[in-house]
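Going down the list, the protein sequences come from chains A and B.
Everything in the first sequence is counted per the numbering used here, starting at 1 for the first residue and increasing by one.
Everything in the second sequence is counted per the numbering used here, starting at 290 for the first residue and increasing by one.
Note that the Cβ used here is the ideal one computed from N, Cα and C, for glycine as well.
Predicted model only: the values in this text are computed from it and were never measured.
One structure is given here, and the rest of the page talks about it.
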Amino acid sequence: MTNKIAPGFKQIAVEDFRLTEEPFYLPLRDEVELFETAYADKVPVLLKGPTGAGKTRFVEYMSWRLHNRGGHGGHEEGVPLITVACHEDLTASDLVGRYLLEGDETRWIDGPVTRAVKNGAICYLDEVVEARKDTTVLIHPLTDYRRLLPVEKRGELLEAADGFLLVMSYNPGYQSAIKDLKHSTRQRFIAIEFDYPPRDQEAIIVQRESHVDAAIAMELAKLAEKVRNLKEHGLGEGVSTRLLVYAGKLIHGGISPRRACQVSIVWALTDDREVQRSIEEVVASIFDD
Amino acid sequence: MSIADDLTTRYAADLRGFGAALPDDFATGVRAMATLLPETAVEAWAKAGVELANSSLRAWEAAAEYFRASPALVDRLGVEGIARWVVLATDLSSRSSLIAAQFLKSTPDALAVLQPDDLDEWAQQGDRLCRGNWKSIALSQLYFQVSPALFQSLPLASVSRLVDIVDQLTERSYEVATTALEGAVQIFAGLPAVDREPFLRFARAVTRASWADTRLYFERGPRLLDRIESSQRTAFLDLAGRVTTEVGRQGFPLFSDAAEALGGLPLEQHSAYIAFAARIAAGSPTAAMEYLKSAAFVATRLNPDQRSLWEREGLEIVTVERNPEGAEAYFRLESTRAEERMRALSTRVELASINSMLRMYAKALSGEPVSVQSAEELVDRGIGWVTESTPTTEGSTIYLPPYVATFEEQEANFQVYKVFTTHQTGRMEFGSFDYAWDVPGTYVAATGPRREVAATMRREERGIAAAKAEAVTAVQRLFNCFDDRALIAGLFTVVEDTRIDALVAREYGGIRRWLRQLQEHEIVRRPKVEEMALRQAFVENLLRASLGMPEAIRWPVMLREYMTEGIAALRMVEQRGATVQDSAEVAGALYDIAASIPNVRAPMPDGKFDFEGATQEMMDVLPSMPGGGDGPDMPSNSQEAAFENPPQPDFRGDFKPELVQLMAKLKLQQEGGVDPGGALTKEQLMELLQNSTELSIAELADGDIDQSLGMFLDNLQKDAGMPASDKKGEKKDGDSDATDGGDGEGPDEGEMPVEITWFYYDEWDFRAGDYRPRWTRVGERFSAEGDREFYEETLRRHHGLVMETRRQFEMMRPESFKKIKRLEDGDELDTDLAIEFHVDKKAGAGPTQRIYNRRNKIERDVAVAFLLDMSASTDEEIEKQKVKHSKDDDDDDFDGDPRRYFQWLAARRAQAMIEPPKRIIDLEKESTVLIVEALEAIGDAYGIFGFSGYGRDNVEFHVIKNLDEQMSDRVQRRISKIEPIRSTRMGPAIRHTIHKLEEYDAKVKILILVSDGRPQDHGYGRDRTEKEYAVHDTKQALVEAKRLGITPFLITVDKEGHDYLKQMCDDIGYEVVDDIESLPRRLPTLYRHLAAD
């Protein structure tokens, strides 16, 4: 039984993942500088902000940037990026590692955090509040001066390699009170706030990512601004830049703007018919067809 | 001696002793008769008269009439006729001499119409009415009195039918019968001949169905009929008659309403309406009348073609579906189907149906928490806006006309609303109200200060007193710089609207097309510019230019450069980046041009006034500000007309920057904001209002101006005091619409006005098999707060029970982490299983791979809403209820020993003093306390609500604790304040609770209704005694809950509950708690079973 592998498929160990091409990221304020400084001083970073505002892209960009700067912080090999998407069933052993049966014996498999610690990678815990609270406590010793990861099951303590940095992302908007970050956790990070970029800059991002022309990108950014006005007034969350890019890609591919917005923005945002209708009307006001 | 003298002498004795005049009457009569009849006949005549006089106590009065009337009748009746006549009279006289007398007296008049042969029947009719008592005698007498006049308009046979009616009425009320008879003469005389018979036919039907309505029918019928097309009245009356025969007492009200409604429709359509109604009547008479009743309304919504489609669907409910009740509801417009059908057919768009959508749209565009309301509301607020038909805004709310029917297509009308809304939000988005003093525009420098100085100098020159108070708003200050405030305000409006339109067209490509369409629609409706005085024509032409219709401009050739300059200036604000400051400056420049044009009406000396349309060159001007210049060389001998602004295009609506800025300022002040201008004085405000051209003159015309202004100011200030955007009409979701009523009602409110949020729900009409749309209005409010004593006292008294339930509930609480074994993947290896695995593998026994363990967090995710019946019946004391059910206890206990009885009574009273008797509501409250304690232990989300109310408009929904609210002091206080109020309309209360549960996110949702009896409310059913309707609606509401994944459960303490609960609950859980006092214990137990999953 052989697995067919499509061309373009790559399989690499997580700790070997490095960005080879510069991801597009448009700095809005001083976030790049802040991150670089924090990285140099080993201060863990919390990225706050709504979904699709560019948090993940920012981390990718930073890992590429730190990598290509070489020398900076003494990492000639560059900085690998290990991303963990957190979910509510994520357990401590998912992060740290576990024993697996192999043949006649058990074998220890490192979890992503352990690998990052060992390899001096940026460990990015995406949507960290989704993880069970007991798991987040696990990272506490990693985040202060100790930079240690206890591996209970093996009775070991791992000291983080030099390039290691813990980065978490967190969307304060939609989570209920139950799913808030513990103070003991959040007070171990500096926080960089992300918000949707202003209209002009967002248009640049949309244009760059989706290849639509500048005018359409501008209209999409305008639409986004209008739709975001509805946050808390029918919408739990504003439309993300990511969705705008999707819309732009569809338009670029020949779909009519109204239809493209309908599928990539209106329907993606809400299931409430009334709200959908309102947003569709905003779309119809901005795009003629 | 003549026969006359002979007879006079003969009967002198017999006639003596009656009225003094009787012998004379006799003598006169007999003399006259003697000349007409042979002797024998005269003798017989005299004899009959005397016999009549003696036939009963006061029969002589009748005889007198006989003697007087006879001579005139000889010709008509002949000898035999007279003889028969007097026999009839004598017969009547045996009933009452009064009747006989009236009969005799009226005969000559009656015979003017009747044939002598008819006398028998006539007499008989009168006779029928007499039943021997004095009231009937009077009625019978009245009959003979009025019937000659009646015969003028009705044949004898018809009068006979009228007598039937009157006769039937006498069984109920002589008064009504008398009035009917009295009125009949006039009524029938007033009706056209052809209508009389049908009128009478329907009268019979009405009397049979509901005697009391006869009087109403006689009173109002003719007037109602009058408005119906004359050839259709018979058909309509016959239809009404058929309906009445079928439906009984409802017949007349239906007739009356239908006639009223029909009267409002064009006469030529009546036949079609009545013919269609007759078709419906074949299957459902009531529906036919309901159809007529709503016809006028339907006609406003649908054109004839659409209407006939709508009607046909209604008819099919009768003919195909055979559901008369459904058709009734349909034509009464109380069915969802009727409304939906109408909405689908109508091209007219109602604000109500798109209001919340537009509100969100406006919020999106403007980024402000705006609300959208009907313009009627703004007019009602009395703060300076008076037109209901045009859109406008006062800065925080957008007001739109209640409906739009401008175009023939629904889509186009909807787009009209969008253009309206977009233009109004444009004013907010693009800062129309943000004008600031002495701030330059993007293209033009600020001239305000210079103009202000010039204005002051001008005024001083002319000796006009300077303004008494400082300007309140920047717009006011700007306008103050110009002598003609109306002109500058008008120009500012045109210019600013031009800027907004340009911005809207630029920013919203999708609107452009529709904006264009409205502009075109508008241009043909503009007043004739040719008939305007020049200055007004100038403004009008600018407006036309701004509507993008330069070809509609008409202007004298010799003054063309003024227009060109004006248009060039207007173009300034259409440029990208122009602000309201630019608008103000351009308006100022245009003012200078306009002011230099005399406001005269084209009176050129040679009689020719050369108008031309705009040339291309005129329109192609580049935006530019006009230079200074002198006015045109116009003969100034003609009187200048007073300047008046041309009307605003509808889609732009009212623009009142002065008032909006004022309101914003007042608001800021009332919110305690710091205003650099300092506090506003009353003088300042009055000054603004007096000078502002934005106030309608009409508003101030009635009465003292100062007083009106004062009132107006009050309204403004009141208005500013309300929280922005939250005034009214915040719609929350699809089927509920919330407004804060503000008008707190109900006696139990404290000093604070109770804030009520209204929601609307459909109600299920089981007969029609359809929902009645938005039928009930539920007012949600927080329950009043009492003291905590009750809560604590209950806890104390039921200490044991509280502890017990709490323990039981705590046991339900799941282990927070539960180890799940035998997984293929998990946190840790289970050593035992791993060894087993190896052993199996070595033994070749097909090992199981499930060797991992995992700890899983199991969370309870339950939300429960308790809905308590707060109807008046819960006020009943439990003791009494018990007595009701077990009467036989105490009678023999005292063995007839009064002392023991009194001792018992005294003890009981003393007991009642210490401890007031418990009522059902008290037990509901105690149960609530217990369940609250229990739920706090288990940690489930719970809400406690109470409901009551009266009528469908006022279902009270009391929030004691919301689902997402934390348990607190206040909740405890609210529990203690739960009081019996009024009725039990369960359906809407359940629906609102469903709505609350729907909004809450939980896996398991439970609704527990605690009540003491069947659902019941005013109008919750066809009539007071009907119970079916309420039961069905409640059942439907429970089914709705189930459909939404909510588990409903009913608990009642009504012992008779089993019968209707069985029907109401079907497969829904319910329990009848037999021993009421066990409710507090029972409720937590029930909950545990329900919520255990």
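For F768 (chain B) and M746 (chain B), the rounded distance between their alpha carbons: In the second sequence, residue 746 (chain B) corresponds to position 457, counting from 1. In the second sequence, residue 768 (chain B) corresponds to position 479, counting from 1. Roughly 16 angstroms between the two C-alpha positions.
Chain-ordered chain B contacts of G155 (chain A) [CB-CB under 7 angstroms]: As a position in the first sequence, residue 155 (chain A) is number 155, starting the count at 1. The premise fails here: G155 (chain A) is roughly 14 angstroms from chain B at the closest Cβ pair, so nothing lies under 7 angstroms.
Cβ contact check for the segment 420 to 440 of chain B and the segment 449 to 463 of chain B: 3 or more pairs under 8 angstroms: In the pairwise beta carbon analysis, the segment 420 to 440 of chain B is classified as touching the segment 449 to 463 of chain B: at least three pairs are separated by under 8 angstroms.
Segments of 4+ residues assigned as alpha helix (DSSP H) that fall wholly inside the segment 1195 to 1261 of chain B: Fully enclosed alpha helix (DSSP H) runs of 4 or longer: 1209 to 1227.
L1368 (chain B) and M1353 (chain B) closer than 9 angstroms at C-beta: Start at 1 with the first residue of the second sequence, and residue 1368 (chain B) comes out as number 1079. Start at 1 with the first residue of the second sequence, and residue 1353 (chain B) comes out as number 1064. The answer is no: Cβ separation not under 9 angstroms.
Residue-chain proximity (Y99 (chain A), chain B), Cβ-Cβ < 9 angstroms: Start at 1 with the first residue of the first sequence, and residue 99 (chain A) comes out as number 99. Yes, Y99 (chain A) counts as interfacial toward chain B.
Candidates B:L381, B:A446, B:L1194, B:E1287: closest to G415 (chain B) by CA position: Here residue 415 (chain B) refers to the residue found at position 126 of the second sequence. Nearest option by C-alpha distance: B:L381.
For P1369 (chain B), three-class secondary structure by DSSP: For the purposes of this step, residue 1369 (chain B) is identified with residue 1080 of the second sequence, where counting begins at 1. If DSSP states are grouped into helix, strand and coil, P1369 (chain B) belongs with the helices.
Under 8 angstroms by beta carbon: chain B residues contacting V151 (chain A): Counted from its first residue, the first sequence places residue 151 (chain A) at position 151. From the beta-carbon of V151 (chain A), no residue of chain B is found nearer than 8 angstroms; the closest lies around 13 angstroms away.
Where R1274 (chain B) falls, given that 16 or more other Cβ within 10 Å makes a residue buried: Sequence index remark: in the second sequence, residue 1274 (chain B) carries index 985 (1-based). Buried, since its Cβ has 16 or more Cβ neighbours within 10 Å.
Close-in-space but distant-in-sequence residues of the same chain around E1038 (chain B) (CB under 7 angstroms, 5 per side omitted): Here residue 1038 (chain B) refers to the residue found at position 749 of the second sequence. Because E1038 (chain B) carries a pLDDT of 37, less than 50, the predicted location of this residue cannot be relied on, and the following value inherits that uncertainty. Correct list, in chain order: A1073.
Closest by C-alpha distance to E334 (chain B), when choosing among B:L311, B:V889, B:R373: Position 45 of the second sequence, counted from the first residue, corresponds to residue 334 (chain B). Checking the sequence, you will find Trp at residue 334 (chain B) rather than Glu. Minimum Cα distance to W334 (chain B) is reached at B:R373.
Complete runs of the beta strand (DSSP E) confined to the segment 1049 to 1090 of chain B [at least 3 residues]: Correct list: 1059 to 1071.
Chain B contacts made by the segment 117 to 137 of chain A, where a contact means CB separation under 7 angstroms: Residues passing the 7 angstroms Cβ filter: R132.
The beta strand (DSSP E) enclosing A841 (chain B), as first and last residue numbers: Taking the second sequence and counting its residues from 1, the one referred to as residue 841 (chain B) is at position 552. In the DSSP assignment, A841 (chain B) falls outside any beta strand (DSSP E) and carries neither an H nor an E.
For L689 (chain B), the first and last residue of its enclosing alpha helix (DSSP H): Counted from its first residue, the second sequence places residue 689 (chain B) at position 400. Premise fails: L689 (chain B) lies in the beta strand (DSSP E), 686 to 689, not in any alpha helix (DSSP H).
Assigned secondary structure, Y1318 (chain B) (DSSP; H/G/I helix, E/B strand, else coil): Mapped onto the second sequence, residue 1318 (chain B) falls at position 1029. Helix.
Any C-beta of chain A under 9 angstroms from that of I1140 (chain B): Your numbering for residue 1140 (chain B) matches position 851 in the second sequence. Put simply, the CB of I1140 (chain B) is near chain A, with a gap under 9 angstroms to one of its CB atoms.
Burial state of L957 (chain B) (16 or more Cβ within 10 Å): Looking up residue 957 (chain B) in the second sequence gives position 668. It is exposed - the Cβ of L957 (chain B) has fewer than 16 other Cβ atoms within 10 Å.
Uninterrupted alpha helix (DSSP H) stretches inside the segment 163 to 248 of chain A (no shorter than 4 residues): Those alpha helix (DSSP H) runs which fall completely within the segment 163 to 248 of chain A and span 4+ residues are 183 to 186, 199 to 210, 214 to 228.
A778 (chain B) - containing alpha helix (DSSP H), residue span: Along the second sequence, one-based indexing puts residue 778 (chain B) at 489. Per DSSP, A778 (chain B) belongs to the alpha helix (DSSP H) from 774 to 796.
Proximal chain A residues relative to E1117 (chain B), where beta-carbon distance stays under 9 angstroms: The count along the second sequence starts at 1 and reaches residue 1117 (chain B) at position 828. Here the neighbours are S93, R98, Y99, K153.
Residues that R801 (chain B) contacts on chain A, provided the C-beta gap is smaller than 8 angstroms: Your numbering for residue 801 (chain B) matches position 512 in the second sequence. Neighbours of R801 (chain B) on chain A, chain order: D288.
Alpha-carbon to alpha-carbon, Q950 (chain B) and S285 (chain A): Position 285 of the first sequence, counted from the first residue, corresponds to residue 285 (chain A). Position 661 of the second sequence, counted from the first residue, corresponds to residue 950 (chain B). Approximately 28 angstroms between the Cα atoms of the pair.
C-beta neighbour in chain B for A284 (chain A), strict 9 angstroms: Against the first sequence, residue 284 (chain A) aligns to sequence position 284. The beta carbon of A284 (chain A) falls within 9 angstroms of a beta carbon belonging to chain B, placing the residue at that interface.
Whole beta strand (DSSP E) elements within the segment 13 to 69 of chain A, 3-residue minimum: DSSP runs (the beta strand (DSSP E)) wholly in the segment 13 to 69 of chain A: 45 to 48.
Beta carbon of L1327 (chain B) nearer than 9 angstroms to that of Y1289 (chain B): Taking the first residue of the second sequence as 1, we reach residue 1327 (chain B) at position 1038. Taking the first residue of the second sequence as 1, we reach residue 1289 (chain B) at position 1000. Cβ distance not < 9 angstroms, so L1327 (chain B) and Y1289 (chain B) don't count as in contact.
Strand pairing of M1358 (chain B), partner residues [DSSP]: What you label residue 1358 (chain B) is simply residue 1069 of the second sequence in a count that begins at 1. Strictly speaking, residue 1358 (chain B) in this sequence is Gly, with Met absent from that position. In the DSSP secondary-structure assignment, G1358 (chain B) is bridged to B:F1338.
6 angstroms CB neighbourhood of Q808 (chain B) in its chain, flanking five on each side removed: Translated into positions along the second sequence, residue 808 (chain B) becomes position 519. Correct list, in chain order: L836, G837.
Cβ-Cβ separation, K226 (chain A) to L654 (chain B) (assumed contact under 8 angstroms), whole Å: The residue given as residue 654 (chain B) occupies position 365 in the second sequence. The residue given as residue 226 (chain A) occupies position 226 in the first sequence. Cβ atoms of L654 (chain B) and K226 (chain A) come within 8 angstroms of each other, at about 6 angstroms.
Under 9 angstroms between C-beta atoms of Y196 (chain A) and T241 (chain A): In the first sequence, residue 196 (chain A) corresponds to position 196, counting from 1. In the first sequence, residue 241 (chain A) corresponds to position 241, counting from 1. Yes; because the gap between Cβ atoms is below 9 angstroms, this pair is in contact.
Chain A contacts from the segment 699 to 725 of chain B (Cβ-Cβ distance under 7 angstroms): Answer in chain order: K707, T711.
Simplified DSSP assignment, three categories, for I122 (chain A): In the first sequence, the residue the question calls residue 122 (chain A) occupies position 122. If DSSP states are grouped into helix, strand and coil, I122 (chain A) belongs with the strands.
Segment contact, 8 angstroms Cβ cut-off, at least three pairs: the segment 36 to 48 of chain A with the segment 4 to 19 of chain A: With fewer than three CB-CB distances shorter than 8 angstroms, the segment 36 to 48 of chain A does not count as touching the segment 4 to 19 of chain A.
Q662 (chain B) - DSSP class collapsed to helix/strand/coil: Sequence index remark: in the second sequence, residue 662 (chain B) carries index 373 (1-based). If DSSP states are grouped into helix, strand and coil, Q662 (chain B) belongs with the strands.
D943 (chain B) - containing alpha helix (DSSP H), residue span: For this step, residue 943 (chain B) is matched to residue 654 along the second sequence. From DSSP, D943 (chain B) is part of no alpha helix (DSSP H); its letter is neither H nor E.
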